[in-house]
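Numbering (the working numbering), first residue to last: 842 to 1044. Heads up, the beta-carbon is just placed ideally off N, CA and C, and yes, glycines get one too. Please read the structure below before turning to the comments.
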């Protein structure tokens, strides 16, 4: 199955050598080989060719973040947000970068802009909660995080909520949040193990 998928992958590249999507595929291949320089070069080409697609900018920003190149990611995100000022995920990416750079007030504004465009974006909602927590506004953080809980990917939202509830003296609610966090974390680990075994079996 993996061999067939790889062949389909390479065929798509051969059919569309000048497409920005082709350069995204090549970036993925380079990243899989841990060739960061080549992957970055391909992402840059993809952005140059597909500048009108905000998703391409997001992929470049996420790649740079994943490599610990936060300053470069921030610069790319700021340029992209100027081009797509109301795009929810771009504003969310910029907010996360600003939050990581200890700029919670600026981050909160980006998360708010993201949510204005897409109120259902849990990642932005959780980011806004984290921004409020960093600003010392714990009750606001609790209120925002509660709205993101249904989309908690790995228990981390519930865990952070539990910490803030604990700080507020709401120990019973905190215990409930920690319990759900543990369950979600275990479920995530189980699924990852199943996926790993499936890949090893080639299914």
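Original post:
DSSP on residue 1024, reduced to helix/strand/coil?
Top reply: The count along the chain shown starts at 1 and reaches residue 1024 at position 183. It is helical.
Original post:
Is residue 942 helix, strand or coil by DSSP?
Top reply: Working through the chain shown from its first residue, we reach residue 942 at position 101. Coil, per DSSP.
Original post:
Can you find at least 3 beta carbon pairs, one from the segment 907-915 and one from the segment 926-933, that sit closer than 8 Å?
Top reply: With a cut-off of 8 Å, the segment 926-933 and the segment 907-915 do not count as touching, because too few Cβ pairs lie within range.
Subject >> Local conformation of residue 952 per DSSP, three classes >> reply: Numbered from its first residue, the chain shown carries residue 952 at position 111. Note: residue 952 maps to helix in three-state DSSP.
**OP:** Quick one: residues in its chain with C-beta nearer than 6 Å to the C-beta of residue 951, no 5 flanking neighbours on either side, listed in chain order?
**Re:** Taking the first residue of the chain shown as 1, we reach residue 951 at position 110. These residues qualify, in order along the chain: 932, 935, 936.
Subject >> Assumed close pair residue 999, residue 1022 - CB separation to whole angstroms, cut-off 8 Å >> reply: Locating residue 999 in the chain shown gives position 158, where the first residue counts as 1. Locating residue 1022 in the chain shown gives position 181, where the first residue counts as 1. Residue 999 to residue 1022, Cβ: 4 Å. Contact.
**OP:** For my contact list, residue 948 and residue 968 are in at a C-beta cut-off of 8 Å; report their separation, rounded to the angstrom.
**Re:** Here residue 948 refers to the residue found at position 107 of the chain shown. Here residue 968 refers to the residue found at position 127 of the chain shown. Yes, they are in contact, since the Cβ atoms of residue 948 and residue 968 sit about 7 Å apart, within 8 Å.
**OP:** Leaving out five residues on either side along the sequence, give the residues of the same chain with a beta carbon under 6 Å from the beta carbon of residue 904.
**Re:** Position 63 of the chain shown, counted from the start, is the residue given in the question as residue 904. Hits under 6 Å: 884.
Original post:
Rounded to whole angstroms, how far is the Cβ of residue 962 from the Cβ of residue 995, which I believe are closer than 8 Å?
Top reply: One-based indexing of the chain shown puts residue 962 at position 121. One-based indexing of the chain shown puts residue 995 at position 154. About 17 Å separates the CB atoms of residue 962 and residue 995; that is not less than 8 Å, and the two are not in contact.
Original post:
Just checking my contact of residue 975 with residue 941 at CB under 8 Å: how many whole Å lie between their CB atoms?
Top reply: Translated into positions along the chain shown, residue 975 becomes position 134. Translated into positions along the chain shown, residue 941 becomes position 100. Contact flag wrong, Cβ pair sits at about 11 Å.
Subject >> From 966, 1039, 876, residue whose alpha carbon lies closest to that of residue 990 >> reply: Residue numbering aside, residue 990 sits at position 149 when the chain shown is read from its first letter. Residue 990 has its Cα closest to that of 966, out of 966, 1039, 876.
**OP:** Compute the distance between the beta-carbons of residue 1015 and residue 1027, then report whether it is under 9 Å.
**Re:** Here residue 1015 corresponds to residue number 174 of the chain shown, with the count starting at 1. Here residue 1027 corresponds to residue number 186 of the chain shown, with the count starting at 1. Against a cut-off of 9 Å, the Cβ pair of residue 1027 and residue 1015 comes out as no contact.
Original post:
CA-CA distance, residue 919 and residue 972?
Top reply: Position 78 of the chain shown, counting from 1, holds the residue named residue 919. Position 131 of the chain shown, counting from 1, holds the residue named residue 972. Going by the C-alpha atoms only, they are around 19 Å apart.
Original post:
Straight-line CA distance for residue 980 to residue 897?
Top reply: Looking up residue 980 in the chain shown gives position 139. Looking up residue 897 in the chain shown gives position 56. About 36 Å.
Original post:
Can the beta-carbon of residue 900 be found closer than 9 Å to that of residue 868?
Top reply: For the purposes of this step, residue 900 is identified with residue 59 of the chain shown, where counting begins at 1. For the purposes of this step, residue 868 is identified with residue 27 of the chain shown, where counting begins at 1. Cβ distance < 9 Å, so residue 900 and residue 868 count as in contact.
**OP:** Using three-state DSSP, classify residue 993 as helix, strand or coil.
**Re:** Numbered from its first residue, the chain shown carries residue 993 at position 152. Residue 993: coil per DSSP, three-state reduction.
Subject >> 7 Å Cβ shell around residue 891 - same chain, five flanking residues per side excluded >> reply: Position 50 of the chain shown holds residue 891. Excluding sequence neighbours, residue 891 sits near 861, 897.
Original post:
Excluding the five sequence neighbours on either side, which residues of its own chain have a C-beta within less than 7 Å of the C-beta of residue 874, listed in chain order?
Top reply: Locating residue 874 in the chain shown gives position 33, where the first residue counts as 1. Same-chain partners within the cutoff: there are none.
**OP:** Counting only the same chain and skipping the five closest in sequence on each side, list residues whose C-beta sits under 6 Å from that of residue 815.
**Re:** This structure cannot settle anything about residue 815, because the visible part of the chain is limited to 842 through 1044.
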